[in-house]
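Asker: Take any residue in the sequence shown, note its place counting from 1, add 10, and you have its number in our numbering.
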Amino acid sequence: MRYAVVIEKGERNYSAYVPDLPGCVSVGDTLEEVKAEIREAIEFHLEGMREDGSPIPPPSSWAEYVEVEVRAA
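1) On a Cα-Cα basis, can you pick out the residue from SER71, HIS55 and SER70 that is closest to SER64?
2) Could you round the C-beta distance between TYR24 and GLY38 to whole angstroms and report it? I think they count as a contact, below 8 angstroms.
3) Suppose you measure from the CA of GLU74 to the CA of ASP62; what does that come to, to the nearest Å?
4) Leaving out five residues on either side along the sequence, give the residues of the same chain with a beta carbon under 8 angstroms from the beta carbon of ARG60.
5) Across which residues does DSSP place GLY38 in a beta bridge pair?
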């Protein structure tokens with residue numbers, strides 16, 4: 011499966027979450043670290059859902075950059 015992941019840069023680290031998997035979050039000191047950590051978090055989250063007998067939500071979110079023009083005041 012391929013889930014959309016949102017990564018945000020904070021003042022001192024990065025955080026990530028998966029919109030289709032509420033509660034599936036991760037943090038890392040670097041971009042590379044948070045990417046690796048969220049991958050592990052997704053696997054762990056899905057494994058827990060399977061063990062609990064919960065349905066696995068299919069990926070349904072996506073992300074896209076939208077370019078806009080900002081005029082100077």
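Built from N, CA and C at the ideal position, the CB exists for glycine as well. In this text, all values refer to a predicted model and were calculated from it rather than measured experimentally.
Answerer: Let me lay it out:
1) Along the sequence shown, read from residue 1 onward, the residue named residue 64 stands at position 54. Among SER71, HIS55 and SER70, the Cα nearest to that of SER64 is on HIS55.
2) Within the sequence shown, residue 24 is the residue found at index 14, counting from 1. Within the sequence shown, residue 38 is the residue found at index 28, counting from 1. Confirmed, about 5 angstroms.
3) Residue mapping note: residue 74 aligns to position 64 of the sequence shown, counting from 1. Residue mapping note: residue 62 aligns to position 52 of the sequence shown, counting from 1. Roughly 33 angstroms between the two C-alpha positions.
4) For the purposes of this step, residue 60 is identified with residue 50 of the sequence shown, where counting begins at 1. Excluding positions up to five away in sequence, the list reads ILE66.
5) Position 28 of the sequence shown, counted from the first residue, corresponds to residue 38. The partner list for GLY38 (beta bridge, DSSP) reads TYR24.
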